[in-house]
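Structure first, commentary second.
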Amino acid sequence: MKRALISVYDKTGIVEFSKELVLSGWEIISTGGTYKLLKENNISNLKEVSEVTNFPEIMNGRVKTLDPHIYGGLLAVRNNNDHLKQAKENNINMIDMVVVNLYPFEETLKKKNVTHEEIIENIDIGGPTMIRAAAKNYESVYVVTDLKDYNEVIRQLGVDNSDFRKKLAEKAFKLTSEYDFNINNYFSSNKRINWQFEKLDDLRYGENPYQKATFFKEVGLYPEFPSIVNTEVLHGKQLSYNNIMDADAALALIQEFDMPAAAVLKHANPCGVAQDKDITKAFKKAYLADSKSAFGGVIILNKECSSKIAEEINKVFAEIVMAPSFEKEALNILKSKKNLRILKIKSLDNLKDSKLKDYRKVVGGLLVQDYNNYKIDQKDLKIVTDVKPDNLDDLIFGYRVVKHIKSNAICLVKDGVTLGIGAGQMSRVDAVEIAMSKAGSKAKGSALASDAFFPFRDSIDKLAEFGVKSIIQPGGSIKDDEIIEAANEHKISMVFTQNRVFKH
Numbered sequence: 012m013k014r015a016l017i018s019v020y021d022k023t024g025i026v027e028f029s030k031e032l033v034l035s036g037w038e039i040i041s042t043g044g045t046y047k048l049l050k051e052n053n054i055s056n057l058k059e060v061s062e063v064t065n066f067p068e069i070m071n072g073r074v075k076t077l078d079p080h081i082y083g084g085l086l087a088v089r090n091n092n093d094h095l096k097q098a099k100e101n102n103i104n105m106i107d108m109v110v111v112n113l114y115p116f117e118e119t120l121k122k123k124n125v126t127h128e129e130i131i132e133n134i135d136i137g138g139p140t141m142i143r144a145a146a147k148n149y150e151s152v153y154v155v156t157d158l159k160d161y162n163e164v165i166r167q168l169g170v171d172n173s174d175f176r177k178k179l180a181e182k183a184f185k186l187t188s189e190y191d192f193n194i195n196n197y198f199s200s201n202k203r204i205n206w207q208f209e210k211l212d213d214l215r216y217g218e219n220p221y222q223k224a225t226f227f228k229e230v231g232l233y234p235e236f237p238s239i240v241n242t243e244v245l246h247g248k249q250l251s252y253n254n255i256m257d258a259d260a261a262l263a264l265i266q267e268f269d270m271p272a273a274a275v276l277k278h279a280n281p282c283g284v285a286q287d288k289d290i291t292k293a294f295k296k297a298y299l300a301d302s303k304s305a306f307g308g309v310i311i312l313n314k315e316c317s318s319k320i321a322e323e324i325n326k327v328f329a330e331i332v333m334a335p336s337f338e339k340e341a342l343n344i345l346k347s348k349k350n351l352r353i354l355k356i357k358s359l360d361n362l363k364d365s366k367l368k369d370y371r372k373v374v375g376g377l378l379v380q381d382y383n384n385y386k387i388d389q390k391d392l393k394i395v396t397d398v399k400p401d402n403l404d405d406l407i408f409g410y411r412v413v414k415h416i417k418s419n420a421i422c423l424v425k426d427g428v429t430l431g432i433g434a435g436q437m438s439r440v441d442a443v444e445i446a447m448s449k450a451g452s453k454a455k456g457s458a459l460a461s462d463a464f465f466p467f468r469d470s471i472d473k474l475a476e477f478g479v480k481s482i483i484q485p486g487g488s489i490k491d492d493e494i495i496e497a498a499n500e501h502k503i504s505m506v507f508t509q510n511r512v513f514k515h
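Final position of the sequence shown in this note's numbering is 515; the numbers increase by one with none missing.
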């Protein structure tokens, strides 16, 4: 008679699965709560594990399966005469299946106000050990760790299915690896980073056609987390390496805004950003802010994409459209362009998690820092000029945008819309000139945001020529007094945030 050892934390479907095993002539060995449930449901051919080990479960169930009668039955190689002889001499019967899922260690970590003691008690010992033993001996033993596999296991009984058992073993080792990984991370003192990723897709190529590229997903990433790997692709051709980089930058930017907002990005930099009470107006303003640069860009909205917006998008060339939801008619309109990638994004609230880290790979090393969760607020501002600003909303909006522009970064804003952006320049005055050239005459009366302090007054003099009304910057230069004096000369209001927002 074949024997299955069943010990599961998640008992979904286990009664039905056990009944099918018994109907196929199997005997079932079980433990603790699983045994109780199966007995209550009148599962026949059922034994408690203590009947096999001749030893009771002790220490609140911490010790129940760690016994030679269990592991001998799991690990004995069936065509090894020496193994079989030793098993007979020690009254060890074979165990042909292990059905185990584990204490919810990762889920316990996510609980609010969870104690260290509760976390420790959710470290499974016997479960992973049985899984690994059964997986090692997959030629003879089924190792079932996923309740989604129950029906297929029943179908595979009684046939030559070594390949199927091997797939179950692969899944089992993956489970225990990730389980130990999470435990190790909990106990880690930040001296070593353990990071796991699973392959999602091979990409056509990387940044350039001669570079091979693959896309991986971080193991353990919450499914509701606002990440490009958690977006739902509704339409369009495969995302490219550069698409993924741009979409990642777009997600980070759009989360700065509470009111309806839209943005267009190219090469991970915003071309145009706007906010408005009406999301359709926000989109139109964002696109028209720099329609030349927006050609072939990523469009992102923080509210539902309406059919009106879809009609506007279809008039231009875009690589990607991202939104939390799409009207049915909007999808029909957008899908008329077969190559346009349409991505439905998850909740936009979770990047505020203070525990999130930002990783940057360098050759031979890894840089780790806190994720840039800083979000400018009016209370952070220090007015430093004689003239007081009357456009604080624009100053704050501009600073939230400039945080997502490659440094040196300058952003001109008026009425909740970007007018000109200068990105990634080696000198700040060059970034100023680029932003001004894009804004042109619209710069008059605008607010300017700088991601870091102005080292010289030349930029302030340049801004005055274009009629910039107010400036927001971190401050902190040894020449702050000179910068403030220049602003006063030109009757420009200036506020310091006292927080730099470099993006390298």
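Glycine included, every Cβ here is placed at the ideal spot set by N, Cα and C. Since this is a predicted model, take the numbers as computed values, not measurements.
For this session: Could you tell me which of Y153, G84, I136 sits nearest to E100, measuring between CA atoms?
Result: G84
Exercise. When the Cβ atoms of the stretch 210-227 are set against those of the stretch 173-188, are three or more pairs found closer than 8 angstroms?
Worked result: no
Problem set entry | Boundaries (first-last residue) of the beta strand (DSSP E) holding H80 | Where H80 is concerned, there is no enclosing beta strand (DSSP E), although the alpha helix (DSSP H) it sits in stretches over 79-86.
Problem set entry | Runs of alpha helix (DSSP H) wholly within the stretch 430-474 (minimum 4 residues, chain order) | 439-450
Exercise. Going along the chain, which unbroken runs of the beta strand (DSSP E) with 3 or more residues stay wholly within the stretch 247-321?
Worked result: 272-277, 280-286, 308-312
For this session: Let me know if S199 comes out buried or exposed under the rule of 16 or more other beta-carbons within 10 Å of its beta-carbon.
Result: exposed
For this session: Using alpha carbons as the reference points, say which of I331, D259, V424, E117 lies closest to D369.
Result: D259
Problem set entry | Nearest residue (CA-CA) to H516, options A463, A341, L359 | A question about residue 516 goes unanswered here, because the residues of the chain that appear run from 12 up to 515.
For this session: Return helix, strand or coil for R511, following the three-state DSSP convention.
Result: coil
Problem set entry | For I407 and Q389, believed in contact at Cβ under 8 angstroms, the rounded distance | 6 angstroms
Exercise. Expressed to the nearest angstrom, what Euclidean distance is found between the alpha-carbon atoms of K393 and H501?
Worked result: 19 angstroms
Problem set entry | Boundaries of the beta strand (DSSP E) in which K425 is found, first to last residue | 421-425
Exercise. What do you get for S41, buried or exposed, if any count of 16 or more other CB atoms within 10 angstroms of its CB means buried?
Worked result: buried
Exercise. Can you name, in chain order, every residue of its own chain whose Cβ lies under 6 angstroms from the Cβ of V240, other than the five neighbours on each side?
Worked result: K228
For this session: Can you say whether R371 is buried or exposed, counting buried as having 16 or more other CB atoms within 10 angstroms of its CB?
Result: exposed
For this session: On the DSSP bridge assignment, give the partners of A498 in chain order.
Result: None; A498 has no bridge partner.
For this session: May I ask you to report which of helix, strand or coil DSSP gives Y221?
Result: coil
Exercise. Along the chain, where does the beta strand (DSSP E) that runs through M108 open and close?
Worked result: 108-112
For this session: Tell me, please, which residues DSSP counts as bridged to I40.
Result: L16, K58
For this session: Determine the extent of the beta strand (DSSP E) in which M105 is found, giving its start and end residues.
Result: That residue, M105, is in no beta strand (DSSP E); it is neither H nor E in DSSP.
For this session: Can you give me the start and stop residues for the beta strand (DSSP E) that S481 sits inside?
Result: 481-484
For this session: Flag this pair as touching only if the stretch 242-249 and the stretch 339-352 have three or more C-beta atom pairs under 8 angstroms; answer yes or no.
Result: yes
Exercise. Apart from the five residues just before and just after P220, which ones in its own chain have a Cβ nearer than 8 angstroms to its Cβ?
Worked result: none
Exercise. Can we count S61 as close to the ligand FAD, meaning its CB is less than 7 angstroms from some heavy atom?
Worked result: The ligand FAD is not among the ligands present in this structure, which contains no ligands whatsoever.
Exercise. Considering only residues of the stretch 121-170, which uninterrupted alpha helix (DSSP H) runs meet the minimum length of 4 residues and lie entirely inside it, listed in chain order?
Worked result: 127-132, 137-147, 161-167
Exercise. Could you give the residue range of the beta strand (DSSP E) that holds R411?
Worked result: That residue, R411, is in no beta strand (DSSP E); its alpha helix (DSSP H) goes 403-413.
Exercise. Can you name, in chain order, every residue of its own chain whose Cβ lies under 6 angstroms from the Cβ of Q380, other than the five neighbours on each side?
Worked result: D369
Exercise. Using the rule of at least 16 other Cβ atoms within 10 Å of the residue's Cβ for burial, across every protein chain shown, is D289 buried or exposed?
Worked result: exposed
Problem set entry | Cα-Cα separation between H127 and L158, rounded to whole angstroms | 29 angstroms
For this session: Could you tell me whether the Cβ atoms of I25 and V33 are closer together than 8 angstroms?
Result: no
For this session: Kindly indicate which three-state DSSP category Q380 falls into: helix, strand or coil?
Result: strand
Problem set entry | Three-state class that DSSP yields for V428 in the structure shown | strand
For this session: Consult DSSP for F116 and reduce its assignment to one of helix, strand or coil.
Result: helix
Problem set entry | Whether V428 touches A460 by CB criterion (8 angstroms) | no
Problem set entry | Close-in-space but distant-in-sequence residues of the same chain around Q222 (CB under 7 angstroms, 5 per side omitted) | Y216
For this session: Starting from the Cα of G376, find the closest Cα among I204, Y114, N56 and give me that residue.
Result: I204
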